[in-house]
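With the first letter of the sequence shown counted as 1, position 99 gets the number 105 in the numbering used here; the numbers rise by one all the way through.
By construction, the Cβ of each residue, glycine as well, lies at the ideal position given by its N, Cα and C atoms.
Source: prediction; values computed, not measured.
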Amino acid sequence: MDKSKLEALLKDMSLTEKIEQLVQLHGNFFGGGEKLTGPEAEFDLPEDFPYRTGSVLGERGAEKLHKLQDEIMAKQPHHIPAVFMTDVIHGYETAFPVPIAIGSSFDPKLAEELASAAALEASAAGIHVTFSPMVDVARDSRWGRCMESTGEDPWLNGQFAAAMVKGFQGDDYGKKGKVASCAKHFAAYGAVQSGRDYNVTEISERTLFEDYLPPYKAAVDAGVSMVMTAFNTIDRVPCTINKRLMRDILRKKWGFEGVLITDYGAINESIIHGASEDKKDAARKAIEAGCDVDMVTDCYARYLEELVNEGTVPESLVDEAVMRLLELKNRLGLFENPYKDGSDESEKKYCFCKEHRELSRKAAEECTVLLKNNGVLPLSGKEKIAIIGALADDKEITGTWALFACKEKTVTLKEAFEQLYPKADITYVISDSDTESAVSAAKAADVVILALGENENYTGESRSRADISLFKEQKELFSKVYEANKNIVTVLFGGRPLAVPDEAEKSAAMLEAWLPGSCGCYAVADILFGKVNPSGRLSMSMPYCSGQLPISYSAYSTGRPKPDGAKGFIPFLSNYMDVPNVPLYPFGHGLSYSDIEYSAVRLDKAEMTADDKITASVTVKNNGSMPAWEAVQLYIRDIKASVVRPMKQLKGLQKISLAPNEEKTVSFEISGEMLSFYDINMEFKPEKGKFTLWIGGSSLTENSADFELI
Ligand code: NOJ
């Protein structure tokens, strides 16, 4: 449909009909759904109202959506098709590793591939829009939702955001197998105070612009079609009614023309925050702030018409919002084909298909992070092994935001070992509490694999924890097993970097497996047995304890810094009496079975102007006997500026493959843009002076060179 037809349609719609388009309800509002509870039970909307809304949340299945679409279109005065939106975040029926794990692949191309596979499955099941990517910067692992983020770094999250948008949407999300993508949660949700979900954020303007906004901007620049608001406040204003955030920054400054949707129930929550008087006031503030679609409240449904009729809200605001939604429907091709790709046949063909299961395994090969290894890994296959811990045979390691995953088919670690290594000599004790059996198995074994951490029920929305160390029972299990056998390989599961300093110190090796999805445990088994060389890197620092949070490698120098490498507490310097300042394992950290050697950094010149470029290169060599993947990372520091600059910031990344003995030269171009920041006047530009850059395999690399911006 061309724009003039959309305009004619809009013109022909009544105010009531237009407002109905802006309301999103979930499946339980439609006949046959579960009984409504909580605030939704009080909506008091006419019985057939849901069929006149513009979009539906959380429903899936080609046949079901086909029928629902027919019913909706039949009941709408202009027979406008509905958009079916839901969360397809790390896979649809095939679950891929959770986003924090995908971030740890340090491989945005992989993220694109996974998003594309998820889009193929979801679109076959009749879904049109996914509420992904979640691009919030996460530096506090008390926050359960860090599982949904690709990590702590604004630049890296931006790379992943753009890659995922591309994977979901392709170059045209109207095409077969593609879905429209919605970046969330705008904005700075990751900065919720104390890591407690839905809490306020208290960050400076500079921190907002420099650390939190860039990934959303990257998603917008990549052509994301929707943006979702966040539950938190910014500068004491709930994001959902934050005009400056949405109208001034997102729309005007960044030129976002897509659909803005609230998070679930968020307009109503502005009343509970104490920022709106009542539902009517909340509806006014949300539409004025720029929210097009109201996700599951009755604020727009019940009050927007009244607000327009009494002249408080101009009808043009409603028209603008409706037009954006109609444009989305049009780009999806729904006016021509309201079911888009939903078909029983494709659903059967693509959902949980072999290719995607293989992709889930391949993804986990890249996402699993080898944190420590004293040489016990890889296993030779000849050892007597004891595998201990309830998580070694728990299907709830699939991850919570693959809502529609075939969980019963998720492969556990035990199943992976049994299928892939049937001849290995393994005794299993699948329990955290049966310490007696664990100890006797450990005593009889050459090596113990201890599966510890959290299953999926302990991370995700609302799953904040103040103490992020292992559960008491697991700590006791570890101690008892350690007394029996010191040769422990700890495999950590979970959606957050846990605080495990004692267990890390005592383990011979430690592997972060995250929540690896449908077939990820095959990859974990293959890494343990050395069939796959690990290449994951932490995209979120692992702290010593909650007291260090929030924490990031990208920290600032105080006026009394602790000297690099200094150990123990030093009075009157900025340090803790009980733990180091640095995390246990920092951002970018991850080991390989190969010895990867970096040459010194070479610069083609030592000075540049802002319009010029410097090329920085290293030669990277695989001295090991296995093929390896290496995430070559570029960090930069601005030594002195009008405002204090981070001690290191990731500015470039190349993930390369290296055959045994192979060496490759990796080069990065340093541009004026890469040196820019929000200066003392909040102008984004570089300042002249000295810089240091590092190229290496982690944020701890000391492989540096200096240059000057003149
Ligand atoms: C609430 C969550 O915050 C958001 O991420 C999700 O997309 C919506 N619910 C819809 O399920």
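Assigned secondary structure, residue i (DSSP; H/G/I helix, E/B strand, else coil)
| i | result |
| --- | --- |
| I701 | strand |
| H726 | Examination of residue 726 is not possible in this model, given that the chain is present from 7 through 716 alone. |
| D532 | helix |
| K492 | coil |
| M2 | Missing from the structure shown is residue 2; the chain here goes from 7 to 716 and no further. |
| D431 | strand |
| A451 | coil |
| I391 | strand |
| D723 | Outside the displayed span of the chain (7 to 716) sits residue 723, for which this structure offers no information. |
| G109 | helix |
| E13 | helix |
| M583 | coil |
| L42 | coil |
| H32 | strand |
| A606 | coil |
| S128 | A small fix is needed here, since residue 128 is Ala in this sequence, not Ser. Reduced to three states, the DSSP call for A128 is helix. |
| I436 | coil |
| M329 | helix |
| M252 | helix |
Cβ-heavy atom distance, residue i to the ligand NOJ, below 6 Å
| i | result |
| --- | --- |
| F192 | no |
| Y582 | no |
| Y270 | yes |
| D93 | yes |
| F137 | yes |
Element boundaries [beta strand (DSSP E), containing residue i]
| i | result |
| --- | --- |
| M79 | No beta strand (DSSP E) contains M79, which is instead part of the alpha helix (DSSP H) from A68 to K81. |
| W597 | First, the amino acid is wrong: residue 597 is Leu here, not Trp. Counting along the chain, L597 falls outside any beta strand (DSSP E), and DSSP gives it neither H nor E. |
| A519 | A515 to W520 |
| S655 | Checking the sequence shown, residue 655 turns out to be Gln, not Ser. Q655 to L664 is the span of the beta strand (DSSP E), which, as asked, contains Q655. |
| V624 | K619 to N628 |
| L63 | S61 to L63 |
Host alpha helix (DSSP H) of residue i (start-end)
| i | result |
| --- | --- |
| S673 | No alpha helix (DSSP H) contains S673, which is instead part of the beta strand (DSSP E) from E669 to S677. |
| K172 | P160 to Q175 |
| D508 | P507 to K512 |
| Y641 | No alpha helix (DSSP H) holds Y641; the beta strand (DSSP E) holding it covers A634 to D644. |
| K24 | L21 to Q27 |
| F423 | L419 to L426 |
| N380 | Run containing N380: none; DSSP gives neither H nor E here. |
| I293 | K285 to A295 |
| E89 | Correcting the residue identity first, residue 89 is Val in this sequence and not Glu. Taken as a continuous stretch (DSSP letters only), V89 belongs to no alpha helix (DSSP H), being part of the beta strand (DSSP E) at V89 to T92. |
| V230 | Note, V230: premise wrong, no alpha helix (DSSP H); not H, not E. |
| V314 | C305 to N315 |
| I278 | A272 to H279 |
| L365 | K360 to C373 |
Interface flag, residue i vs chain D, CB-CB below 7 Å
| i | result |
| --- | --- |
| D284 | In the structure shown, chain D does not exist; there is a single protein chain. |
When the options are compared against residue i, the one with the closest alpha-carbon
| i | options | result |
| --- | --- | --- |
| D18 | E69, E77, H84 and Q30 | H84 |
| T433 | K415, E414, V454 and Q425 | V454 |
| A616 | K696, K355, I662 and S558 | K696 |
| K657 | A121, N163 and V233 | N163 |
| T318 | P344, K286, V299 and R308 | K286 |
| A124 | L426, T156 and A186 | A186 |
| K415 | G523, E333, P384 and Y488 | G523 |
| F35 | Q27, F55 and L21 | F55 |
| L31 | L313, I645 and V302 | V302 |
| V588 | S600, S560 and L597 | S560 |
| K182 | L340, P384 and C359 | L340 |
| L483 | R471, V143, E509 and A472 | E509 |
| M632 | P666, V626 and R145 | P666 |
| R2 | A448, R308 and L504 | In this structure the chain extends from 7 to 716, so residue 2 is not present and cannot be described. |
| A448 | I494, Q425 and S710 | I494 |
| D113 | Y684, L659, I686 and K691 | L659 |
| L597 | A289, G703 and S322 | G703 |
| K478 | T441, G501, N491 and R502 | T441 |
Checklist line | Segment contact flag, the segment 403-418 with the segment 553-570, C-beta cutoff 8 Å, min 3 pairs | finding: No: the two stretches stay apart, fewer than three of their Cβ pairs being nearer than 8 Å.
Next item on the list: Assess, as a yes-or-no matter, whether the segment 132-140 is touched by the segment 66-73 under the definition of 3 or more beta carbon pairs within less than 8 Å.
Entry: Yes, they touch.
Checklist line | Any 3 or more C-beta pairs closer than 8 Å across the segment 610-630 and the segment 558-578 | finding: In short, these stretches do not touch, since the Cβ pair count stays below three.
Notebook entry, point to check: Taking one C-beta from the segment 146-154 and one from the segment 171-188 each time, how about it: are there three or more such pairs within less than 8 Å?
Noted result: Below 8 Å, too few C-beta pairs join the segment 146-154 and the segment 171-188 to call them touching: fewer than three.
Notebook entry, point to check: Should the segment 530-540 be called in touch with the segment 371-386, which here means at least 3 C-beta pairs below 8 Å?
Noted result: Contact between the segment 530-540 and the segment 371-386 is present, because at least three Cβ pairs lie under 8 Å.
Note to self: Could you check whether the segment 100-109 touches the segment 353-367, counting it as contact only if at least three pairs of C-beta atoms, one from each stretch, sit closer than 8 Å?
What the structure shows: Output reads yes: the segment 353-367 touches the segment 100-109.
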